[in-house]
């Protein structure tokens, strides 16, 4: 896309401000100016560190002051709240636990939009309801800022090693600017379409993942009870039409695949509780769009039942354990 | 059970007997002696032809005389019933639509076991309840014959091009003899374990396949409704943890993958009705072994509902169409 | 919040205040003063008429002017928007199709809360998400008004004959005042607890109803296929532990019970689409409270699939028809 | 029904034997001759006692000799096996745990049919697959005997107090004779139709019961979490369309209904394991008849998961406990 096209696209989207166009280009060119980072939890912390490693000055905040220590020691400037971040940085990344946090961080009394500069680029990597992403994008646009949703796949490990996949929704013209930052933190940065489609892609993937994991667990359990060796069964599935990521890469049966949580008593990995949260988002989205998702819906219920039975913090592949017979 | 039968029994159990080796080698060495084939339907017909191509004389039968014509013209000898096949061939392959047919063909009044020769190798490629495979194996053993279950994956196309996968259960000592014949009809011949485990592997694979297909259909439908391009969504899933055979090889959304039934109005492929049958077997097996299979169970119900709504003969990927909104 | 508002707040919380009693009695004693009515659809229309019959002057509005004609001819005064209703009446009933309408009618630019009088009683009979009822109640309280949720069970027929059941949530001290109006339109007015519990009770009932209806349909279909006479099977269920409202009062099999939609090709009654909407509310509520509802969730999906297959406007008992075999 | 009608009906059903007709009437008239009873477990024991109380001499047997003691002390004659019972009694009642036991007791080497007298009336009160009832009936008919299936509803308590409900399938002409005996052990004896329909009715009832129980548990749990008082919620459901036996008679929430297992830590009542067994029968029957039962199927899976998680011997209403959140 050449420069004139880019300008036109921005113009079409925003249509009213020379200042804005100016600011946008300023932002893109001065790539090592300050970047704001809000949300320094298990995921946000290593992500912010990776930005620091790439030489970006960081202005950060988190509701828990102790979460800020580590990045502060590495040189990040810590401020009191999101509004102050927005006051000092025109590119901001947010990584928050759930929908209400995103609403608060953007539109709350000390939220980003209170002090956001025109032309700012706001990238939300939280996993939330795509309809909320759209609402926050609309509110940002009113303030002259650009909002993109960019949820990730890959867990804490991928965040540390900068191997995350980012699924990005928002104005295509801004994708290059977003990718510049996101590629410091991830191995894949995929443009998905209009605002909210990043969330949509994330939610869709995780719904299918959950279905595949429970399905693999049921299947492995059934096969074992019918006398099949688990490794052999996995091998057969993986060369046949039953193959899926949960059978060939992250098998829930201990000992079938090396280096996955099933081999470590389902410690680490992606918690059942987090999967239940994502399936709740998938369910809400499906309900709101009147889309039937029978297996996705049942997968949600199964992970919800597991949370109620003590599996909340185990890896989501522990559904294999949940389904197994407890007693002889 | 007379003395000789008893010996045979010991032989089967204890693979080092000389007598046993003798019987086996008699069969194995004379590899181009007659092979019996029972069941010349859509699958059995091309399978029998592939044996003929490899130079095996065929003695065949089918309840529908017209099904016999084609192989007869290619040189097969047609006889009246399974007992007569067993009278003339000591290696027999059966390919039948369902459990009752298998019971009848083996143990019925004109069944194989009425005239089976001692030491015969009986290979059943039908997809049936593994517990029935075990019963037929026990009945065969009483007559001094060896029974193996060897159901296939791959449809009519794979049967024609000799690209089937055979999943074989039975005495390991007989696997080589079975493989000699099966490899004329298939690209993969996998030893699964004791009698019934071939069926178990087949049933397990198809249950997970059904779950993956419905899951992929729900996910693609949801993603499309949330504004994602179907090809892009499939690409994202396939590079992420949602990846499965139904998303990357046999995508149910028209236009995403070339050369699959979804691109041809769900004609050809693997019928919904056949999938419902296999899921019924999976369900029965799970019920009998008291194994929870919540998603497999719901997948069965969905394919059953589809059969009730006119989808019986469409490819099983038509669940995507079934779940879509009919009207605005 | 100014002083008077604050007092009002205290008043609501502490039911013994003289000021409070004064405000309440002002409203209660003048019982035949004007009542506002917003939403004159299929349900609202006969409800408003019943209030007119009891001698209450009505001030009404609806987004569709033609919906207002009938009650206007019966003497109701029609105004332009909810704010104007609130300007003229201190008791207002709303009966709206869904959550966004309620939000708009109460908090929108021409909403009730723009001109609501202090001490007004606002009763919402729409079926919506209980968390929204709580939010609207809080917003009303800020304006010095009292909000109660009072969704109904019973359809258009019950609305016409004033036989509705109202499930009422809100301050117990206001229940008597609410009941005065609601009992003109219904046979039962049940106090359920704090704001939102009316909705909760409604949603819970309809979720169990849907489960019972699908369950009864599956059971009747299975029994018929096993050779049981449908009337006899219903009789046996109804004298046993399988008994439920769907089996004994509203049986989905044509001919088993007189005068229900199953006997009239599933015309009339409670539409599949409306049931799907209520199940969507139940699902959202369950998701938000992290409550597992496996059967409720699957019931939602089944009604959603039915909507996608042409059953949207048939009575929800048509699930019996949906599950039946289409062809021999 | 007058005498001639009765004779005609028998003639139509049996059509071939004067001896048979003679024997039948002999049997009916001599009502206090010996009655055989096979299966003296928790249910069979009190049932046999009730026959003794009514003056019927009992000839009984059970695989566990110690089960025979009590009825022996009350005057029953104990014999070694079912064949001996059939040798001495021409009316026999069987009450056995599951399908294989029934097959063995009737058709095994020491089974009833080895020595059954022509014209004998064989009544099976076990809960088994209706297709097996039909097979045993056919085998009995070949021996000149009449087989009826007569499974019960009501547990050990109802068996002791002779308050069982019998659902009877078989030749209508024999129903009077069967009822004579069954009414000594039960309060209701319902004729359901041809052989197997008694089982069908039982299975149908229990499937709907399981659905209603899980549905009620989900609903009560959801309502409680939304702030409703459980007793109030039950009251609302029971006056509305959500009403079912599980909500109004056997509520799974402790304290809502008196004298049910939920009030006694889910001790006593009808075990989860037994419900899982009956749902397995329902599932098998539905699979074999290609009938979709989505909720019945999921109910089966939930009870199966409960068995895997330590609930096997708790009352089936403990699903409420299973679904509740374990921890804050």
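Protein chains in written order, with the numbering used here: chain A, 495 to 822; chain B, 495 to 822; chain C, 495 to 822; chain D, 495 to 822. Just so it is clear, CB atoms sit at the ideal spot from N, CA and C, and this is done for glycine as well.
Beta-carbon gap between residue i and residue j smaller than 8 Å
i: residue 727 of chain D; j: residue 714 of chain D; result: yes
i: residue 568 of chain D; j: residue 534 of chain D; result: no
i: residue 542 of chain D; j: residue 579 of chain D; result: no
i: residue 581 of chain A; j: residue 613 of chain A; result: no
i: residue 640 of chain C; j: residue 674 of chain C; result: no
i: residue 816 of chain C; j: residue 765 of chain C; result: no
i: residue 626 of chain D; j: residue 662 of chain D; result: no
i: residue 788 of chain D; j: residue 792 of chain B; result: yes
i: residue 734 of chain B; j: residue 745 of chain B; result: no
i: residue 684 of chain D; j: residue 659 of chain D; result: yes
i: residue 741 of chain A; j: residue 813 of chain A; result: no
i: residue 818 of chain C; j: residue 802 of chain B; result: yes
i: residue 800 of chain C; j: residue 653 of chain C; result: no
i: residue 773 of chain A; j: residue 797 of chain A; result: yes
Exposure label - residue i; buried when at least 16 CB within 10 Å
i: residue 603 of chain D; result: exposed
i: residue 681 of chain A; result: exposed
i: residue 517 of chain C; result: Residue placement at residue 517 of chain C is poorly supported in this model, since its pLDDT is 42, which falls under 50; the coordinates are not used for a value here.
i: residue 632 of chain A; result: exposed
i: residue 574 of chain C; result: exposed
i: residue 594 of chain C; result: exposed
i: residue 549 of chain D; result: exposed
i: residue 621 of chain C; result: buried
i: residue 777 of chain A; result: buried
i: residue 496 of chain A; result: In this predicted model, residue 496 of chain A has a pLDDT of only 39, less than 50, meaning its place in the structure is not dependable enough to derive any value.
i: residue 752 of chain B; result: exposed
Where the alpha helix (DSSP H) through residue i begins and ends
i: residue 558 of chain C; result: Counting along the chain, residue 558 of chain C falls outside any alpha helix (DSSP H), and DSSP gives it neither H nor E.
i: residue 581 of chain B; result: 576-582
i: residue 598 of chain A; result: 593-601
i: residue 772 of chain B; result: 766-782
i: residue 531 of chain B; result: Taken as a continuous stretch (DSSP letters only), residue 531 of chain B belongs to no alpha helix (DSSP H), being part of the beta strand (DSSP E) at 529-532.
i: residue 810 of chain A; result: Taken as a continuous stretch (DSSP letters only), residue 810 of chain A belongs to no alpha helix (DSSP H), as it is neither H nor E.
i: residue 756 of chain D; result: Run containing residue 756 of chain D: none; DSSP gives neither H nor E here.
i: residue 798 of chain B; result: 788-802
i: residue 540 of chain B; result: 538-547
i: residue 526 of chain A; result: Premise fails: residue 526 of chain A is in no alpha helix (DSSP H) and is neither H nor E.
i: residue 622 of chain B; result: No alpha helix (DSSP H) contains residue 622 of chain B, which DSSP labels as neither H nor E.
Range covered by the beta strand (DSSP E) that runs through residue i
i: residue 588 of chain C; result: 585-588
i: residue 722 of chain A; result: It is not in any beta strand (DSSP E) - residue 722 of chain A carries neither H nor E in the DSSP assignment.
Strand pairing of residue i, partner residues [DSSP]
i: residue 662 of chain A; result: A/685
i: residue 738 of chain C; result: D/738
i: residue 647 of chain C; result: C/659
i: residue 640 of chain B; result: B/615
i: residue 572 of chain A; result: A/554
i: residue 680 of chain A; result: A/658
Chain-ordered residues of the segment 647-669 of chain B with a beta carbon less than 7 Å from chain A
Here the close residues are 647, 659 and 661.
Name, going along the chain, the residues of the segment 685-708 of chain B whose beta-carbon falls closer than 8 Å to a beta-carbon of chain D.
From the segment 685-708 of chain B, no residue has a Cβ closer than 8 Å to chain D.
Name the residues in the segment 745-759 of chain D whose C-beta lies less than 7 Å from a C-beta of chain C; which are they?
Residues of the segment 745-759 of chain D with a C-beta less than 7 Å from any C-beta of chain C: none at all.
Please identify, using Cβ separations under 8 Å, the residues of the segment 787-817 of chain D that lie next to chain C, in order along the chain.
Those residues of the segment 787-817 of chain D that come within reach of chain C (Cβ to Cβ, closer than 8 Å) are 787, 788, 789, 790, 792, 793, 796 and 817.
Along the segment 613-634 of chain D, where does the CB come closer than 9 Å to a CB of chain C? Name the residues.
Cβ contacts with chain C: 624.
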